[in-house]
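Engineer: Take 1 as the starting number for the sequence shown in UniProt numbering and just add one per residue.
Each residue gets a CB set at the ideal place from its N, CA and C atoms; glycine is no exception.
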Amino acid sequence: MSQPAGDERHERIMTEADRIKALGEASESIAPYPVNQPTIGAWLDAMGYDNERFRSGEAPPSMAQVWTMPGLGRRRPDDDPLSRMMEVLTGEGFTAVLGTNCEQTYERYLKVGEELRVTTALDSVVGPKNTAMGLGYFVTSRNTWYSGEEKVASMLFRVLKFVPKDSS
Numbered sequence: 001m002s003q004p005a006g007d008e009r010h011e012r013i014m015t016e017a018d019r020i021k022a023l024g025e026a027s028e029s030i031a032p033y034p035v036n037q038p039t040i041g042a043w044l045d046a047m048g049y050d051n052e053r054f055r056s057g058e059a060p061p062s063m064a065q066v067w068t069m070p071g072l073g074r075r076r077p078d079d080d081p082l083s084r085m086m087e088v089l090t091g092e093g094f095t096a097v098l099g100t101n102c103e104q105t106y107e108r109y110l111k112v113g114e115e116l117r118v119t120t121a122l123d124s125v126v127g128p129k130n131t132a133m134g135l136g137y138f139v140t141s142r143n144t145w146y147s148g149e150e151k152v153a154s155m156l157f158r159v160l161k162f163v164p165k166d167s168s
């Protein structure tokens with residue numbers, strides 16, 4: 001007896017999720033620039049926040065992600081687990097994305113001159129779930145920032161990848 005198409009789709013999604021999770025911290029990106037005072041100053045200005053500590057050689061902990069974000073003209077590594085999982089879900093018809101939450105942990109303040117790298121792993125894929133937005137999967141990635149071999153910050157980033165209700 002064959003399974004309904006929805007069950008087959010779910011099996012394909014979860015098989016790919018398990019394969020990507022098994023890769024562990026498969027993706028690593030090196031920050032293109034060291035932690036630097038001009039970027040810290042621009043970030044403080046953009047946030048409307050000022051603190052002498054951050055004008056004198058330290059970066060706000062919440063800037064950890066800033067140093068390794070791809071930005072314009074750069075892209076995530078081909079082996080980025082979150083991007084891979086998003087492609088799988090898009091291919092299965094889950095085309096919309098909604099950021100749902102982000103949990104960050106900071107081990108210490110960063111100092112001007114430090115060179116960072118980030119590793120990324122797929123933490124979990126949960127679904128399908130019926131939500132107010134539509135049927136979808138919650139995808140969580142885990143990012144860990146390092147200065148040398150020292151862990152300085154981490155983040156769990158969760159998104160909902162879904163089929164909008166009006167298009168199902």
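Spell out the partners DSSP gives Leu135 in its beta bridges.
Structural biologist: Asn130, Val163
Engineer: Please report whether the beta-carbon of Val88 lies at a distance below 8 Å from any beta-carbon of chain B.
Structural biologist: Absent from the structure: chain B. Only one protein chain is present.
Engineer: Span of the beta strand (DSSP E) holding Val97?
Structural biologist: 96 to 106
Engineer: From the DSSP output, read off the bridge partner residues of Tyr146.
Structural biologist: In DSSP, Tyr146 forms a bridge with Arg117, Lys151.
Engineer: Would you identify the three-state DSSP class for Asp123, choosing helix, strand or coil?
Structural biologist: strand
Engineer: Of all the alpha helix (DSSP H) runs that stay within the bounds of the region 14 to 58, which reach a length of 4 or more residues?
Structural biologist: 37 to 47
Engineer: Shorter than 7 Å, the distance from the beta carbon of Gly113 to the closest heavy atom of the ligand MN, or not?
Structural biologist: Among the components of this structure there are no ligands whatsoever, and the ligand MN is therefore not found.
Engineer: With Pro81 as the anchor, note down where its alpha helix (DSSP H) starts and where it stops.
Structural biologist: Element bounds for Pro81: 81 to 91.
Engineer: Where Glu28 and Ala132 are concerned, what is the direct C-alpha to C-alpha distance, given to the nearest angstrom?
Structural biologist: 35 Å
Engineer: Compute the Euclidean distance between the alpha carbons of Asn130 and Arg9, then round it to the nearest angstrom.
Structural biologist: 16 Å
Engineer: Alpha carbons only, please: which of Glu114, Glu52, Pro60, Ser141 is nearest the one belonging to Leu122?
Structural biologist: Ser141
Engineer: Relative to the C-alpha of Tyr109, which residue among Ala17, Ile30, Phe54 is closest?
Structural biologist: Phe54
Engineer: Just the C-alpha distance for residue 176 and Gly99, rounded to the nearest angstrom, thanks.
Structural biologist: No information on residue 176 is available, as it lies outside the stretch 1 to 168 that the chain covers here.
Engineer: DSSP on Arg158, reduced to helix/strand/coil?
Structural biologist: strand
Engineer: Select from Asp166, Trp67, Gly57 the residue whose C-alpha is nearest the C-alpha of Val118.
Structural biologist: Trp67
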